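Participant: After the structure tokens below, expect a handful of questions from me.
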């Protein structure tokens, strides 16, 4: 089984080594589904070139890395904490001019949908509100940050990197990484991989001030609750695989735990109405990307069968903390509303979520085919 | 018209969910009408008497003629100039800035009741982002107005309920402010989600730490994707004129501006082009919750996707230019213009018959200012739902109906 290989490959790796490819596993089909998206690929190439050409030599050193660079697969959504992880690849929006920021946002947007970009922009914006919160984790950082001039959380503390050269033939990748937001677009020709994708938010709903009420990431929780609430007592017994909410999503680079097979209630045990709610949940994640990509991914998942999607829940608590997972041959989604270290509040109002397409993450499958086809002459 | 509890058509979702006998908890979230009622009630209950007097109005309450409106039902009033009080002052609705934090949280939950994450993200980003954008605009008038506090920001959006969500009769909610108007009208479990106005200025923030942030970038992207896929003959039919109008046609006082379809019908599109047209339509229809989206897309197919027309003004080969487009069919009308306030540049660009700009660079970007509207001909403000209601409940019929 694939997981064995994964454990072998990743088992010895310390948590903070952050090899993300290790996380997307378990029960997944060994070969992912390719997505040909010529319109998106062409737009992303154009936007990437436009961003790169506007950078000076110093900026470009940070912005562009060889495709073979190990850092391509290294990511974390807790930036930039000197005690945990200091990122060197990528140019932060903080270090860009206005014109470069405009080009940078266009690049982020190139493979997203309005649903996904709206969430991403909201997450970035709400990071400024987070920075102003009395958050014990942030406070500790502020007191203990040798060599770090400021807490690098906020709308401009997102690092944009390109691995390889934007190309219609050779592999290349766009990566955006920062607090609660990680996007990866990997291209080989017209084919694209858009995972792993991480969205998080704290606060998920702004609690005070002129923007109170605004929330940037609450539909994910609503979809999970809608489905959970629709289950029969028996189905619910299958779906709830633990009473305790885990401290974080399992396939976070911080935990790096493989998910051991499918758990929870299978789509095949749901009636048509419940399957429809499950499908809406899947769409809440898949449709964060451009319809040219998303519709093909949805078709793949549908072809595999909604009955093969498993829905698993831990918790939820009456107050609002919860964890859920949707897992099938071609998709793995995790969501949690938990994890406020050092705080003890009922609804943490702090969301982490992740989308994987097992077998294709970071373009693995595209690259395997590319290299096997002999169309390249790199050593790997 | 959408009936939210109806066996069969909506995959039996709502019926079956309600009837599945889970017994643990009710599932109001599965029923949009029910969820809106519950959230309206929760928000209204949090208000004091003075706030409530602003927030809730009789369903058929009428307002006198004023500068921007003919005499009309209050619930039909909306204008994209709202929050510029020197231009247009609104009586109906309680502004977010006049609510407490707790009330604002309830208000935002209320606004979400019929929207999808796509729609709510657009609305939220317009509300939060526009003021940030204004501060960076090269428009001294706006900067001065902001300093003087005569135009609003995230707080200057008015939320109103018309009628009583709890009495079983028709009711409506509306959020309205600068560049944002959403209307949901209910008759029992059926609802109407139009008209909706979404606009923004700027569309892309140009200065400062938020530079690059798009508030409404995808509508134009989807339209251009379709345009680029058309062949020269099709482009000629889509292109109505070189000159770009400065505003939408169906503004608040001209709900019925078109008496015919213009442009290219979808019956003349190939399969790939049709999918691009559907993606463009979904950019609007999928602003609403899944049940609404599904029903509306099904309705468009039922009425004949082939009858839906795509029309355009302005350059067709360069996304940087100001453009106008329209999608118009039996059950959908979308208008979009990114040429508002485009002073002096609306005379048109030298273009060939397919809309390709001639002589290359004119260096004239779009106006960074969008007005866009989503309508359902004959069904805005619940007109289709209410026709039936007035037949059976004449006491509720407004004068002149």
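Residue numbers (the working numbering), protein chains in the order written: chain A, 1312 to 1691; chain B, 7 to 407. For every residue, glycine included, the Cβ atom is placed at its ideal position computed from N, Cα and C. Just so we're clear, the structure is a prediction, and the values are computed from it rather than from any experiment.
Which residue's Cα is closest to the Cα of residue 1399 of chain A: A:1557, A:1623, A:1629, A:1374?
Facilitator: If you number the first chain from 1, residue 1399 of chain A lands on position 88. Ranking the options by Cα distance to residue 1399 of chain A, first place goes to A:1374.
Participant: Decide if residue 258 of chain B is buried, meaning its Cβ has at least 16 other Cβ atoms within 10 Å, or exposed.
Facilitator: Stepping through the second chain from its first residue, residue 258 of chain B is reached at position 252. Residue 258 of chain B comes out buried.
Participant: Look at the alpha carbon of residue 44 of chain B and the alpha carbon of residue 1670 of chain A, and state the distance between them as a whole number of angstroms.
Facilitator: What you label residue 44 of chain B is simply residue 38 of the second chain in a count that begins at 1. What you label residue 1670 of chain A is simply residue 359 of the first chain in a count that begins at 1. So the alpha carbons of these two residues sit roughly 43 Å apart.
Participant: Give a yes or no on whether 9 Å exceeds the smallest Cβ distance from residue 1346 of chain A to chain B.
Facilitator: Numbered from 1 along the first chain, position 35 holds the residue referred to as residue 1346 of chain A. Cβ-Cβ to chain B under 9 Å: no for residue 1346 of chain A.
Participant: Against residue 128 of chain B, what residues of chain A qualify as contacts under a CB-to-CB distance less than 8 Å, listed in chain order?
Facilitator: By 1-based counting over the second chain, the position of residue 128 of chain B is 122. Ordered by position in chain A, the residues that pass the 8 Å Cβ test against residue 128 of chain B are 1425, 1429.
Participant: Can you pull the chain A neighbours of residue 344 of chain B, defined as C-beta to C-beta under 8 Å?
Facilitator: Residue mapping note: residue 344 of chain B aligns to position 338 of the second chain, counting from 1. Chain A residues near residue 344 of chain B: none, gap ~15 Å exceeds 8 Å.
Participant: Around the C-beta of residue 1645 of chain A, are 16 or more other C-beta atoms found within 10 angstroms, so that it is buried, or is it exposed?
Facilitator: Taking the first residue of the first chain as 1, we reach residue 1645 of chain A at position 334. Buried, since its Cβ has 16 or more Cβ neighbours within 10 Å.
Participant: If you draw a straight line from the alpha carbon of residue 39 of chain B to that of residue 196 of chain B, how long is it in whole angstroms?
Facilitator: Here residue 39 of chain B is taken as the residue at index 33 of the second chain, counted from 1. Here residue 196 of chain B is taken as the residue at index 190 of the second chain, counted from 1. Spanning the two alpha carbons is a distance of roughly 7 Å.
Participant: Is residue 1338 of chain A buried or exposed, if buried means 16 or more other CB atoms sit within 10 Å of its CB?
Facilitator: Taking the first residue of the first chain as 1, we reach residue 1338 of chain A at position 27. Low per-residue confidence applies at residue 1338 of chain A: pLDDT is 35, beneath 50, and the placement is therefore not dependable, though the value from the model is reported in the following sentence. Residue 1338 of chain A should be labelled buried.
Participant: Entirely within the region 1553–1627 of chain A and at least 3 residues each: give me those beta strand (DSSP E) ranges in chain order.
Facilitator: DSSP runs (the beta strand (DSSP E)) wholly in the region 1553–1627 of chain A: 1621–1625.
Participant: Find the residues of chain A that neighbour residue 217 of chain B, judging by a C-beta separation of less than 7 Å, and give them in chain order.
Facilitator: Here the question's residue 217 of chain B lines up with position 211 in the second chain. Ordered by position in chain A, the residues that pass the 7 Å Cβ test against residue 217 of chain B are 1409, 1412, 1413.
Participant: How far does the alpha helix (DSSP H) with residue 244 of chain B in it reach, from first residue to last?
Facilitator: Here residue 244 of chain B refers to the residue found at position 238 of the second chain. Note, residue 244 of chain B: alpha helix (DSSP H), 238–244.
Participant: By the criterion of Cβ-Cβ separation under 7 Å, what are the contact partners of residue 1466 of chain A in chain B?
Facilitator: The residue you call residue 1466 of chain A lines up with position 155 of the first chain. Near residue 1466 of chain A (Cβ distances below 7 Å), the residues of chain B are 215, 216.
Participant: Of the residues B:343, B:175, B:54, which one's Cα is nearest the Cα of residue 377 of chain B?
Facilitator: Within the second chain, residue 377 of chain B is the residue found at index 371, counting from 1. The shortest C-alpha separation from residue 377 of chain B is found at B:343.
Participant: In chain A, which residues lie less than 9 Å from residue 223 of chain B when you measure between Cβ atoms?
Facilitator: Taking the first residue of the second chain as 1, we reach residue 223 of chain B at position 217. Per Cβ cutoff of 9 Å: 1416, 1417, 1420, 1425, 1428.
Participant: Quick one: does residue 1677 of chain A have its CB under 9 Å from some CB of chain B?
Facilitator: As a first step, residue 1677 of chain A must be located in the first chain, where it is residue number 366. With 9 Å as the cut-off, residue 1677 of chain A does not count as an interface residue toward chain B.
Participant: How is residue 1639 of chain A classed by DSSP in three states: helix, strand or coil?
Facilitator: Within the first chain, the letter at position 328 stands for residue 1639 of chain A. DSSP places residue 1639 of chain A in strand when its eight states are reduced to three.
Participant: Report the three-state DSSP secondary structure of residue 29 of chain B (helix, strand or coil).
Facilitator: Reading the second chain from its first residue, position 23 is the one you call residue 29 of chain B. Confidence in residue 29 of chain B is poor, its pLDDT being 34 and thus under 50, which makes the residue's placement too unreliable to answer from.
Participant: What residues are listed by DSSP as bridge partners for residue 163 of chain B?
Facilitator: The residue labelled residue 163 of chain B in the question sits at position 157 within the second chain. Beta-bridge pairing links residue 163 of chain B to B:183.
Participant: Between the alpha carbons of residue 67 of chain B and residue 166 of chain B, how many angstroms are there, rounded?
Facilitator: Numbered from 1 along the second chain, position 61 holds the residue referred to as residue 67 of chain B. Numbered from 1 along the second chain, position 160 holds the residue referred to as residue 166 of chain B. Each residue's alpha carbon lies about 12 Å from the other.
Participant: In the DSSP assignment, find the unbroken alpha helix (DSSP H) run with residue 1413 of chain A in it and report its ends.
Facilitator: On the first chain, position 102 is the one that residue 1413 of chain A refers to. Per DSSP, residue 1413 of chain A belongs to the alpha helix (DSSP H) from 1409–1420.
Participant: Among residues of its own chain, excluding the 5 on either side of residue 80 of chain B, which ones have a beta-carbon nearer than 6 Å to its beta-carbon?
Facilitator: Start at 1 with the first residue of the second chain, and residue 80 of chain B comes out as number 74. Correct list, in chain order: 63, 67, 69, 98.
Participant: If we count the other Cβ atoms within 10 Å of its Cβ and call it buried at 16 or more, is residue 262 of chain B buried or exposed?
Facilitator: Within the second chain, numbered from 1, the residue matching residue 262 of chain B stands at position 256. Residue 262 of chain B should be labelled exposed.
Participant: Taking Cβ-Cβ distances shorter than 7 Å, what residues in chain B pair up with residue 1463 of chain A?
Facilitator: Within the first chain, numbered from 1, the residue matching residue 1463 of chain A stands at position 152. In chain order: nothing, as chain B lies at least about 13 Å away.
Participant: Unbroken alpha helix (DSSP H) runs of length 4 or more, entirely within the region 115–147 of chain B: which are they?
Facilitator: Counting only runs of 4 or more, we get 123–140.
Participant: In chain order, which alpha helix (DSSP H) runs of at least 4 residues are fully inside the region 1500–1541 of chain A?
Facilitator: Entirely contained in the region 1500–1541 of chain A, the alpha helix (DSSP H) runs reaching 4 residues are, in chain order, 1530–1541.
Participant: Would residue 1528 of chain A and residue 1511 of chain A be called neighbours here (beta carbons separated by less than 9 Å)?
Facilitator: Residue mapping note: residue 1528 of chain A aligns to position 217 of the first chain, counting from 1. Residue mapping note: residue 1511 of chain A aligns to position 200 of the first chain, counting from 1. Going by C-beta atoms, residue 1528 of chain A is nearer than 9 Å to residue 1511 of chain A.
Participant: Find the nearest neighbour of residue 1601 of chain A within the set B:53, B:158, B:228, judged by alpha-carbon distance.
Facilitator: Residue numbering aside, residue 1601 of chain A sits at position 290 when the first chain is read from its first letter. When only C-alpha atoms are compared, the closest one is B:228.
Participant: Helix, strand or coil: which one does DSSP assign to residue 176 of chain B?
Facilitator: Against the second chain, residue 176 of chain B aligns to sequence position 170. Of the three classes helix, strand and coil, the one that applies to residue 176 of chain B here is coil, per DSSP.
Participant: Within the 9 Å Cβ cut-off, does residue 207 of chain B reach chain A?
Facilitator: Stepping through the second chain from its first residue, residue 207 of chain B is reached at position 201. False, the Cβ-Cβ gap to chain A never drops below 9 Å.
Participant: State yes or no: is the beta carbon of residue 104 of chain B nearer than 9 Å to at least one beta carbon in chain A?
Facilitator: Locating residue 104 of chain B in the second chain gives position 98, counting from the first residue. Residue 104 of chain B does not count as touching chain A.
Participant: On the CB-based measure, 16 or more other CB atoms within 10 Å of its CB, does residue 238 of chain B come out buried or exposed?
Facilitator: Taking the second chain and counting its residues from 1, the one referred to as residue 238 of chain B is at position 232. Residue 238 of chain B comes out exposed.
Participant: Report the partner residues of residue 1440 of chain A according to the DSSP bridge assignment.
Facilitator: Within the first chain, the letter at position 129 stands for residue 1440 of chain A. Its beta-bridge partners do not exist; DSSP assigns none.
Participant: Would you kindly check if the distance between the Cβ of residue 302 of chain B and the Cβ of residue 382 of chain B is under 9 Å?
Facilitator: One-based indexing of the second chain puts residue 382 of chain B at position 376. One-based indexing of the second chain puts residue 302 of chain B at position 296. For residue 382 of chain B and residue 302 of chain B, yes; Cβs fall inside 9 Å.
Participant: Give a yes or no on contact between the region 105–120 of chain B and the region 50–63 of chain B, applying the rule of three or more CB pairs nearer than 8 Å.
Facilitator: Yes, the region 105–120 of chain B touches the region 50–63 of chain B.
Participant: Name the residue from B:324, B:171, B:209, B:164 whose alpha carbon lies nearest to the alpha carbon of residue 360 of chain B.
Facilitator: Here residue 360 of chain B refers to the residue found at position 354 of the second chain. Of B:324, B:171, B:209, B:164, the residue nearest in Cα terms is B:324.
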